[in-house]
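Some notes on the structure that comes next.
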Amino acid sequence: MKNAEIRSLSVSEIMERIASEQTNLSKLSFAHAISPIENPNKIKESRKLIARLKTSLKAKQLAK
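Using full-length UniProt numbering, read the sequence shown as starting at 1 and increasing by one per residue.
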C-alpha cells in the first residue's frame, strides 16, 4: 500500500486497516517461530506498513 493510498483513506478505515495488519503480523510472527516462512521480509514489510498507517492516522487527528 502506497502513501498516496493511505492518505486517501478516512480515519475509521485507517483504524480498521491497522487492526487487520496487526493481527496479520502476529500470525506471521507465530508462523515464523514455529517453522521458517518462505519470505521473512513479509514481517518487516508488515511492521513498516503499520508504522505508516499510524503516522498517517496521527497526522489526520492533529489536523482536525
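Even glycine gets a Cβ: it sits at the ideal position worked out from N, Cα and C.
In this structure, L25 lies away from I6, with their beta-carbon atoms at least 8 angstroms apart. Assignment of L9 by DSSP, reduced to helix, strand and coil, places it in the coil class. In the DSSP assignment, K60 falls within the alpha helix (DSSP H) that extends over 41–63.
In the three-state reduction of the DSSP assignment, S35 falls in the coil class. Cβ-Cβ separation between I43 and S29: approximately 6 angstroms, consistent with a contact (criterion under 8 angstroms).
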